[in-house]
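Protein chains in written order, with the working numbering: chain A, 58 to 354; chain B, 97 to 607.
A virtual CB, placed ideally from N, CA and C, is assigned to each residue, including glycine.
For reference, the structure is listed below as C-alpha cells.
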C-alpha cells in the first residue's frame, strides 16, 4: 500500500481540479491507472436485469476500446462494471468508502483480490482501520467522478448513490452519460430525469466512444482477444440440435415466460419443454431468471 | 401362594418376555413391587387394588410381593396392570382353573375395573409370536391393530372380571382376525389427489421424478405458490405399501401411540410435517426410554419440512446421518435403541427473507446480503443430500378457474411404480432399492454416459456455473428420468432435464 500526499508528484492531476480534493490517497495496485483516460460506471446496488445487461455491455466495450473503468466495488452495477472490464482484459479502478482493512461489502473481498491480481487499482482516502460508515460513501463518489473524464449512470433510484455521483460529475464539469429506462421502473427514475435535464442519452457504447473521438480524445485501442468459444469444437456440436428447439425458442421473447406456459402454447409434454429450455440455456440463447421463467438473452 | 403370569416389556421394537411372579402370604400387610419398575409401574398398586375391589373381589390385608423377572430389565408403562392383577387373583384363588403356559397379558386398568388401551400392542404381538406365545389377552381397543398378525390368538377383553371369567372357563372371548385385503378394502384411500392441483406441470413432473427415484426434493417459491399443497400430495403417488412395509410402519406408530383406534394397520404412506420449532430430539427421537421421533414416524413415507431455513440449524444437521443410513440409533442412559427411518425428505422454502425474490406479483425488498445469508442457513452437506430443487411459481387466477382435466395421482403412480420396478430389478444384488441410494461407486457402474451426453454435461457445467457437488446428483436424477421412459441408456434429453432440477446451484441465485 502506498500513501500519496496532495503535494506529491504522483497525485492524480484530475483530482486537484475538483473542489475538495482528498489530502492523501491510500493506493494499492497499479498506480499509473490514476492518470489514464477513465470512465466511471455507476448505478444501483439493486439493479434490474436490464441494468445489469447494460452495465455488462458498456463495461466490456469501453474496456475493449482502452478506457479504464472506475467504480465503487459495491454490489450490483459496480461489481458488474469491474468484472466485465477485467473479462475484456481491461483495467479497472475501485474507489472504497472505508479503509483497506474493512473492505465493504465483505462478499466482494474476492473481487478486491481479483482486481489487484489483474493489475487494477484500489484507492481510498481513508486510513486502513476506518470502518464503513454511512457518510463516507457519498463522499467517495466525488473521487469516482473526479478521477474520470466522464460518468456513465446505468440505473439509479431517486436520491441514490448513483444519482449523487451524477450530480457531482456535473458540478465538476465532467461529461454525464445516462442510459434511458422504462418510465415505470423505480431504478430508472434518476437516469430518465437527468436525460430530461440535459444529460447525454446513450444507447450503445459506441455513443460514448464517438463523443470522445469528436472531442479529440482517443483511448489507446488495445489488441482485443477473441472469446474462446471453440474449445469444445469437435466433441459435440450443439447447434445441430437447435433446429428442433426452434419452435420453442421463437415463443420466448424479451418478457419472461414460464415452462408451463410454453407447454400450453406448444401442446408438448413438459419433459420436452424442460429439455429444450436446458439446451437453449446451455447454448446461451436464453436465460433462466428467478421466478422459474425464461427470457431471451 | 405363588403364581406366575407372562407379559412383555418393549425396548424400542425389541420385546422381552417378562414373568410377573406374585406371592400373597400372611404377615404384616404390605405391597412391594421389585424388578426395576419405574414410577408408572409402582403407581399400579392403587389402580389394581381399587380395580379388584370394584370388580367385586375382595382383597384381604395380606403381604403382597410382586417380582418382574428378569429383574435387570427396566419396566415402564401401564401395561403391567392386568398381569399383576391377574397374578394376585390367582394367588388368592379367585382364579382357580389351571392355566396353560403360553398365554400373555397386557393392559392398563382403570379404577372401575375396565381395561384401557396401551401403546405398542402390535410390536408386542409380533415379538410374542416369535417367542412361541399362542394367546394374548389385551384391551379390546387394541385388538384391531393386533389382529393383523397371523398364527396367534388375540383376545380382546372389556374389563377385569371378563378376563377372570374367561380364565376360569366360565365364558368365551371371541377372537378376531383381520386380513391384509380386508384392511385395504376398509381403509380409507389417501384423501388428497394431484388432480386438484391446477397447472404447475413442471413441478408435478419434478415431484414425479422424485417419487420414482426416491429422491429428496426442495420446493422453492413465494408465499402462496402452492408448495405445501403439492408436498402434501406426494404420498399419493408413492408406490403402494406392501404388507411388510405397512407392518413396520404400524409397529413404529404403535410404540409412539399415534395409532388411531379404528385403523388396524396403516395402509397409507405417512406424511409428517413437524413445525419448524421442533427440537433435534423430537425430530430423531429420544427421551429417557427413547421414543421414535418424527423421522421414524415418517418411515416409508414423506417427511415434509415447511420453511426449511426457519428450522434451527442444529436440528437440521442431525438429519444428515439418518438421511444416509436410513436408520437412527439413539443412545440414552437406559439403553441404546435403533429405529428405522427410510423416508423421503421434502422441504420447502421461500427464495429470500421477504419471500418475493423473482416474483412477478410483488417486488422483493431484500438486499443481496440478506438473500445470501438466508440461503446460507441451509448447510452444504444437507443440500448435498437433496437431489431435486425446483422453483414453484404461483398459478394465475384464470388457470384456477378453468375446468381442464388434470392428471390424477393414480395415473402418475402407475408410471412411478413401473420405474421403481425397473430399479428394483437392476439393483437386486446391490442391496439398494432406488436410484437415490446410489453411491459414487455405483453411479459409475450404472449411470454410464455416451460421449455426446458426457460433453453436454461438461458444457453445461462450464456455462451454467453448476457447482461440483451437482455432478452425482444430476446423474442420479437422469437415471430416474431414463427409468421413467423405460430407457436402458441415459440419453442427452434425460441429462438436459436433470440439469433443470438444479435451480439452487445455478449462478443467478448468488449474483
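> Per DSSP, what kind of secondary structure is residue 91/A in: helix, strand or coil?
Replying inline: Translated into the one-based positions of the first chain, residue 91/A becomes position 34. Under the three-state reduction of DSSP output, residue 91/A falls in the helix class.
Subject >> Contact set between residue 447/B and chain A, taken where Cβ atoms lie within less than 7 Å >> reply: In the second chain, counting from the first residue as 1, residue 447/B sits at position 351. Those within 7 Å of residue 447/B in chain A are 347.
**Asked** Which whole-angstrom value describes the C-beta separation of residue 82/A and residue 192/A, a residue pair presumed to lie in contact below a C-beta threshold of 8 Å?
**Response** In the first chain, residue 82/A corresponds to position 25, counting from 1. In the first chain, residue 192/A corresponds to position 135, counting from 1. Actually they do not touch by this definition, with Cβ atoms about 19 Å apart.
Q. Which ranges would you report for the beta strand (DSSP E) in the region 155-225 of chain A if only whole runs of at least 3 residues count?
A. Within the region 155-225 of chain A, the complete beta strand (DSSP E) runs of at least 3 residues fall at 178-181, 207-210.
**Request:** Please compile the residues from chain B whose C-beta is within a distance smaller than 7 Å of the C-beta of residue 217/A.
**Result:** The residue given as residue 217/A occupies position 160 in the first chain. The premise fails here: residue 217/A is roughly 13 Å from chain B at the closest Cβ pair, so nothing lies under 7 Å.
Check: Taking only beta-carbon atoms, is residue 130/A less than 8 Å away from chain B?
Finding: As a position in the first chain, residue 130/A is number 73, starting the count at 1. Not flagged as an interface residue toward chain B: residue 130/A, since no C-beta distance is shorter than 8 Å.
Hey, residue 393/B and residue 443/B are a contact pair by Cβ (cut 8 Å); roughly how many whole angstroms apart? Locating residue 393/B in the second chain gives position 297, where the first residue counts as 1. Locating residue 443/B in the second chain gives position 347, where the first residue counts as 1. Between the beta-carbon of residue 393/B and that of residue 443/B there is about 17 Å, and that puts the pair past the 8 Å contact cut.
Note to self: I'd like the span of the alpha helix (DSSP H) that includes residue 328/A, first residue to last.
What the structure shows: As a working mapping, residue 328/A is identified with position 271 in the first chain. Here the alpha helix (DSSP H) through residue 328/A covers 327-340.
message: Can you tell me whether residue 190/B is helix, strand or coil according to DSSP?
response: As a working note, residue 190/B is residue 94 in the second chain. Residue 190/B falls in the coil class under three-state DSSP.
Counted within 10 angstroms of its Cβ, other Cβ atoms place residue 292/B as buried (16 or more) or exposed
As a working mapping, residue 292/B is identified with position 196 in the second chain. Residue 292/B is exposed by the Cβ-count criterion.
Q. In chain order, which continuous runs of the beta strand (DSSP E) of length 3 or greater are located wholly inside the region 386-421 of chain B?
A. For the region 386-421 of chain B, the continuous beta strand (DSSP E) assignments of 3+ residues that do not extend past its boundaries occur at 398-401, in sequence order.
Buried versus exposed, by CB contacts within 10 Å (16 or more), residue 180/B: On the second chain, residue 180/B is found 84 positions in, with the first residue counted as 1. Per the 10 Å Cβ criterion, buried.
Rounded to the nearest angstrom, what separates residue 332/A and residue 162/A at their Cα positions?
Here residue 332/A is taken as the residue at index 275 of the first chain, counted from 1. Here residue 162/A is taken as the residue at index 105 of the first chain, counted from 1. In this model, residue 332/A and residue 162/A are separated by some 38 Å (Cα to Cα).
What does residue 489/B touch in chain A if you count any residue whose Cβ is under 9 Å from its own? What you label residue 489/B is simply residue 393 of the second chain in a count that begins at 1. Against chain A, the beta carbon of residue 489/B has neighbours under 9 Å at 315, 317, 348, 349, 350, listed in chain order.
Open item on the list: I need the boundaries of the alpha helix (DSSP H) containing residue 557/B, first residue and last residue.
Closed with: The residue given as residue 557/B occupies position 461 in the second chain. Where residue 557/B is concerned, the enclosing alpha helix (DSSP H) stretches over 547-560.
Note to self: Check for me: the alpha helix (DSSP H) holding residue 116/A runs from which residue to which?
What the structure shows: Position 59 of the first chain holds residue 116/A. Under the DSSP assignment, residue 116/A falls in the alpha helix (DSSP H) whose first and last residues are 106-121.
key: Status (buried if at least 16 other CB within 10 Å, exposed otherwise) for residue 199/A   = Sequence index remark: in the first chain, residue 199/A carries index 142 (1-based). Residue 199/A is classed as buried because its beta carbon has at least 16 other beta carbons within 10 Å across all chains shown.
Nearest CA to the CA of residue 179/A: which residue from 84/A, 100/A, 249/A?
The residue given as residue 179/A occupies position 122 in the first chain. Nearest Cα to residue 179/A within the set 84/A, 100/A, 249/A: 84/A.
- Item | Inter-residue Cα distance where the pair is residue 355/A and residue 202/A | Outside the displayed range of chain A (58 to 354) lies residue 355/A, so it cannot be described from this structure.
- Task: Please list the partners that residue 162/A has in chain B, where partner means a Cβ-to-Cβ separation under 8 Å.
- Result: Position 105 of the first chain, counted from the start, is the residue given in the question as residue 162/A. The contacting residues are 465.
*At least one CB of chain A closer than 8 Å to the CB of residue 522/B: is that the case?*
For the purposes of this step, residue 522/B is identified with residue 426 of the second chain, where counting begins at 1. With 8 Å as the cut-off, residue 522/B does not count as an interface residue toward chain A.
Please confirm whether residue 348/B and residue 395/B have their CB atoms less than 8 Å apart.
Here the question's residue 348/B lines up with position 252 in the second chain. Here the question's residue 395/B lines up with position 299 in the second chain. Taking 8 Å as the Cβ cut-off, residue 348/B and residue 395/B qualify as a contacting pair.
Q. Between residue 379/B and residue 127/B, what straight-line distance do the alpha-carbon atoms span, to the nearest angstrom?
A. Taking the first residue of the second chain as position 1, residue 379/B is located at position 283. Taking the first residue of the second chain as position 1, residue 127/B is located at position 31. Spanning the two alpha carbons is a distance of roughly 40 Å.
- prompt: From 106/B, 230/B, 160/B, pick the residue whose C-alpha is nearest to that of residue 171/B; which is it?
  reply: The sequence position of residue 171/B within the second chain is 75, counting from 1. Checking every option, the nearest Cα to that of residue 171/B belongs to 106/B.
### Query
Does the pairing of the region 119-127 of chain A with the region 227-236 of chain A give three or more beta-carbon distances under 8 Å?
Verdict: no, contact absent.
Check whether chain A comes within 8 Å of residue 427/B, counting only Cβ atoms and requiring the distance to be less than that. Here the question's residue 427/B lines up with position 331 in the second chain. It does not: the Cβ of residue 427/B has no partner Cβ on chain A nearer than 8 Å.
Do residue 269/B and residue 252/B have their CB atoms nearer than 8 Å?
Sequence index remark: in the second chain, residue 269/B carries index 173 (1-based). Sequence index remark: in the second chain, residue 252/B carries index 156 (1-based). Yes. Within cutoff.
Return the chain-ordered list of same chain residues with a C-beta closer than 7 Å to the C-beta of residue 282/A, the five sequence neighbours on each side being excluded. What you label residue 282/A is simply residue 225 of the first chain in a count that begins at 1. At residue 282/A, the pLDDT of 40 sits below 50, so the modelled position is not reliable and the matter cannot be decided from this model.
Which chain B residues are close to residue 320/A, counting only those with a beta carbon under 7 Å from its beta carbon? Within the first chain, numbered from 1, the residue matching residue 320/A stands at position 263. Result: 297.
(request) State the CB to CB distance for the pair residue 117/B and residue 132/B, rounded to an integer number of angstroms; the pair is presumed to be in contact (CB under 8 Å). (result) Locating residue 117/B in the second chain gives position 21, where the first residue counts as 1. Locating residue 132/B in the second chain gives position 36, where the first residue counts as 1. In fact, because the Cβ distance is near 14 Å, the residues do not count as touching under 8 Å.
So the alpha helix (DSSP H) residue 146/B belongs to, where does it begin and stop? Residue mapping note: residue 146/B aligns to position 50 of the second chain, counting from 1. 140-150 is the span of the alpha helix (DSSP H), which, as asked, contains residue 146/B.
Please report the straight-line C-alpha distance between residue 431/B and residue 234/B, rounded to a whole angstrom.
Counting from one through the second chain, the residue named residue 431/B turns up at place 335. Counting from one through the second chain, the residue named residue 234/B turns up at place 138. So the alpha carbons of these two residues sit roughly 27 Å apart.
TODO: Using beta-carbon positions only, say whether residue 586/B and residue 575/B come within less than 8 Å of one another.
DONE: Along the second chain, one-based indexing puts residue 586/B at 490. Along the second chain, one-based indexing puts residue 575/B at 479. In this structure, residue 575/B lies closer than 8 Å to residue 586/B by Cβ.
task: Please report the residue range of the alpha helix (DSSP H) in which residue 511/B lies.
output: Numbered from 1 along the second chain, position 415 holds the residue referred to as residue 511/B. Here the alpha helix (DSSP H) through residue 511/B covers 505-522.
Handout entry: Amino acids of chain A, ordered along the chain, whose beta-carbon sits closer than 7 Å to that of residue 455/B
Key = Here residue 455/B is taken as the residue at index 359 of the second chain, counted from 1. Neighbours of residue 455/B on chain A, chain order: 348.
* What runs of the alpha helix (DSSP H), each 4 residues or longer, lie entirely inside the region 429-503 of chain B? -> Entirely contained in the region 429-503 of chain B, the alpha helix (DSSP H) runs reaching 4 residues are, in chain order, 464-472, 476-480, 493-497.
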